[in-house]
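*Asks:*
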Amino acid sequence: MQGVLERVPQRLGMSWRYRKIVEEKKSYGWHRHNEYEIAIHRHFKGFCFVGHNQSEIGHNHMVMVGPDLPHAIYSALEHDSPQCETHVIWFRKEWIESLIEICHELVPLKTLLFDASRGLQFSPDTAEKVVAMLDEVMQVSQPKQLSILITILSVLIEDKETIKLANPVAVKDDESRSINDKLERVEGYLLKNFANDISLKDLAAHLYVSESSVRSCSPNISPRALANISRNCVLIWLVIS
-17 MQGVLERVPQ
-7 RLGMSWRYRK
3 IVEEKKSYGW
13 HRHNEYEIAI
23 HRHFKGFCFV
33 GHNQSEIGHN
43 HMVMVGPDLP
53 HAIYSALEHD
63 SPQCETHVIW
73 FRKEWIESLI
83 EICHELVPLK
93 TLLFDASRGL
103 QFSPDTAEKV
113 VAMLDEVMQV
123 SQPKQLSILI
133 TILSVLIEDK
143 ETIKLANPVA
153 VKDDESRSIN
163 DKLERVEGYL
173 LKNFANDISL
183 KDLAAHLYVS
193 ESSVRSCSPN
203 ISPRALANIS
213 RNCVLIWLVI
223 S
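Heads up: the sequence shown begins at -17 in the numbering used here, then just goes up one per residue.
#1: Measure the C-alpha to C-alpha separation of K8 and I55 and round it to an integer number of angstroms.
#2: For W(-2), count neighbouring C-beta atoms within 10 Å of its own C-beta (all shown protein chains included) and say buried if the count is 16 or more, exposed if not.
#3: Roughly how far, in whole angstroms, is the beta-carbon of K146 from the beta-carbon of L102, given that I think they are within contact range, below 8 angstroms?
#4: Quick one: residues in its chain with C-beta nearer than 6 angstroms to the C-beta of P125, no 5 flanking neighbours on either side, listed in chain order?
#5: Please report whether the beta-carbon of V45 lies at a distance below 8 angstroms from any beta-carbon of chain B.
#6: Taking 8 angstroms as the threshold (C-beta atoms), are T108 and V137 in contact?
#7: Identify whether P201 lies in helix, strand or coil by the three-state DSSP scheme.
#8: Please report how far the alpha carbon of G11 lies from the alpha carbon of F31, in whole angstroms.
#9: How do the region 74 to 88 and the region 113 to 125 stand: do at least 3 beta-carbon pairs fall below 8 angstroms, yes or no?
#10: Going by DSSP, what residues sit across from I132 in a beta bridge?
#11: For H43, which of helix, strand or coil comes out of DSSP?
#12: For E157, name the three-state secondary structure that DSSP assigns.
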């Protein structure tokens, strides 16, 4: 589920973009973009998909998704309001990271941005606060607009009811767990047999791979050198990487 890569137009002379969208229905299939996105859905019911996670949309449903994270939004066939209202904020990854780099006060944002890589859902109360701040954002000066965005991000950090959504890269997680499991098995084997000579054949048998696979990963390491624990660790890394 890659989704269509959408281009978010940048406002001239601005580092971020805000848009209020009002329409009769929502039907946005799987898509993604290079920017972070904060979206608040109001006055309608529907379904929100972020990666492998699905949640129901109600009034003041608010999510944040990271760059390249596929997501989709659909309004229900029948909803109470004749119009669907959505408030959307976009900002670039490179921009916010450079801002954090030079403004140490923004370092707490790192956790928020990291968690957004798997999707975040915020409380309706937080959504209401953010909508109030966005009410006149387009009528104030550019410096004030930027200060409003920073305030919004600080409000998100303070939300104690934030929900982390399902990780869309579950396959990568499975691979990481597999590597960690293999590493633990080999480390235990090396510790148990530290006093003995350990050959490539022994290590290959323990990893359930061929000796040639181990040898191809470590052509410059001799079997005798495997008796040294530090070189064993090098070999482990080469085998599992």
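Here a beta-carbon is modelled for each residue, glycine too, at the ideal position from N, C-alpha and C.
*Replies:* The short version:
#1: Between the alpha carbons of K8 and I55 lies a gap of roughly 7 angstroms.
#2: With 16 or more other Cβ atoms within 10 Å, it is buried.
#3: Between K146 and L102 the beta-carbon gap is near 6 angstroms, inside 8 angstroms, which marks them as a contact.
#4: There are no such residues.
#5: You won't find chain B in this structure, because it holds only one protein chain.
#6: In this structure, V137 lies near T108, with their beta-carbon atoms less than 8 angstroms apart.
#7: Confidence at P201 is low in this model, with a pLDDT of 48, below 50, so the placement of that residue is unreliable and no value is reported for it.
#8: Straight-line spacing of the CA atoms in G11 and F31 works out to 9 angstroms.
#9: Flag = no, the region 74 to 88 and the region 113 to 125 do not touch.
#10: Per DSSP, none; premise fails for I132.
#11: Assigned with DSSP and collapsed to three states, H43 falls in strand.
#12: For E157, the predicted model reports a pLDDT of 48, less than 50, meaning its position is unreliable; a value from the coordinates is still stated below. Here E157 sits in helix by DSSP.
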